[in-house]
Every structure is written in C-alpha cells, then in structure tokens.
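Data first, discussion second: the structure below is written as structure tokens.
Numbering (the working numbering), first residue to last: 16 to 66.
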C-alpha cells in the first residue's frame, strides 16, 4: 500500500527523510487539489466502492 506524506514541511532534506523512511510520495501544505488528484492517480487510489 503506497504511503504519501501530507505535511507543512517542504524543505528538501525533510522530503528526503520521508522517502528514506519508506514513503512513496510527499505533498506539502497548502495542498493543491490538482496535485492531490495527480498523486492519487499515480499511486492507484480508488474511489469508494472500488470504482
């Protein structure tokens, strides 16, 4: 199951720490709806009910 960090910290060293900890992606606040949609599509999220 993919793990994507949602955090207020966007500094490059923090993003790398997230990836080193095993996270698959990183989104920083404020979350742009388009960026969130892209991450969900990239990591295979499905809508409720699996549709």
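Virtual Cβ for every residue (Gly too), placed ideally from N, Cα, C.
Tell me which same chain residues have a C-beta within less than 8 Å of the C-beta of residue 23, skipping the five on either side of it?
43, 44
Give me, in chain order, the residues of the same chain whose beta-carbon lies closer than 6 Å to that of residue 25; leave out the 5 immediate sequence neighbours on both sides.
Cβ neighbours of residue 25 beyond the five flanking positions: 43.
If you draw a straight line from the alpha carbon of residue 38 to that of residue 20, how long is it in whole angstroms?
7 Å
Backbone CA spacing between residue 17 and residue 32 [nearest angstrom]:
16 Å
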